[in-house]
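Note that the sequence shown covers residues -22 to -1, 1 to 100 in mature numbering (1 follows the signal peptide of the UniProt record, and there is no 0). We put the CB at the ideal spot given by N, CA and C, even for glycine. Bear in mind the structure is a predicted one, so any value in this text is a computation, not a measurement. What follows is a set of notes on a single structure, which appears directly below.
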Amino acid sequence: MRAVVVVASVAALFLTVCPESAASGSWGAVAYDGQGNAGSSRNYPDPSSAKGAAEHSCGARCGAKPFRHCGAVAFTRQSNRGRHGYGVAAGRTGSEAREKARAACESASLKACYVKLSECNG
C-alpha cells in the first residue's frame, strides 16, 4: 500500500511540475510564414479551430500545423530575398518539438536555425 501511495504522489508531482508532458484532450497549432512571422494557439476542441486561431495570431499569409501535445517553429537567422527557411514540428514535450523543428529547418535550409516559438497544451 505504501508503494502505491509513493508512486501516485510522484506521478502527481511530475504532472504538476511538467504539465507540457501531460496528455491532453485538446488541440493546439503553430502557424508560420516564410517571412519569419509565427503564431500559436492551444487548448482548442479540434484541429480546425486550433489552426484557425494560430493563423489569425500569425497573419494572413500564415499556414499552421496542429498538434496534440506540443508544437514548435524554427527559422533561419538570415533571409534570402526576404524569405526565411523554416521548420515546424510536433512532439510529446516542448523540448522534443523544439529540437525537431530546429533540425527540420537546418536540414531543409542547410543553415543554422533558431526556435522562434513553441507551445504546449495543458
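Give me the residue from the options with the minimum Cα distance to residue i.
| i | options | result |
| --- | --- | --- |
| residue 46 | 84, 18, 86 | 18 |
Between which two residues does the beta strand (DSSP E) harbouring residue i extend?
| i | result |
| --- | --- |
| residue 52 | 48 to 54 |
| residue 25 | Premise fails: residue 25 lies in the alpha helix (DSSP H), 25 to 36, not in any beta strand (DSSP E). |
| residue 43 | 41 to 45 |
Within a Cβ cutoff of 6 Å, which residues of the same chain sit near residue i, ignoring the five residues on either side of it in sequence?
| i | result |
| --- | --- |
| residue 33 | 9, 40, 42 |
Within the same chain, show all residues whose beta-carbon is closer than 8 Å to that of residue i, passing over the 5 residues directly before and after it, in chain order.
| i | result |
| --- | --- |
| residue 31 | 7, 19, 22 |
Below 7 Å CB to CB, which residues in the same chain sit around residue i once its five sequence neighbours on both sides are set aside?
| i | result |
| --- | --- |
| residue 86 | 63, 65 |
Can you tell me whether residue i is buried or exposed? The criterion is at least 16 other CB atoms within 10 Å of its CB, across all chains shown.
| i | result |
| --- | --- |
| residue 88 | exposed |
| residue 50 | buried |
| residue 78 | buried |
Compute the Euclidean distance between the alpha carbons of residue i and residue j, then round it to the nearest angstrom.
| i | j | result |
| --- | --- | --- |
| residue 27 | residue 72 | 21 Å |
| residue 55 | residue 90 | 7 Å |
How is the alpha helix (DSSP H) around residue i delimited, first residue to last?
| i | result |
| --- | --- |
| residue 80 | 72 to 87 |
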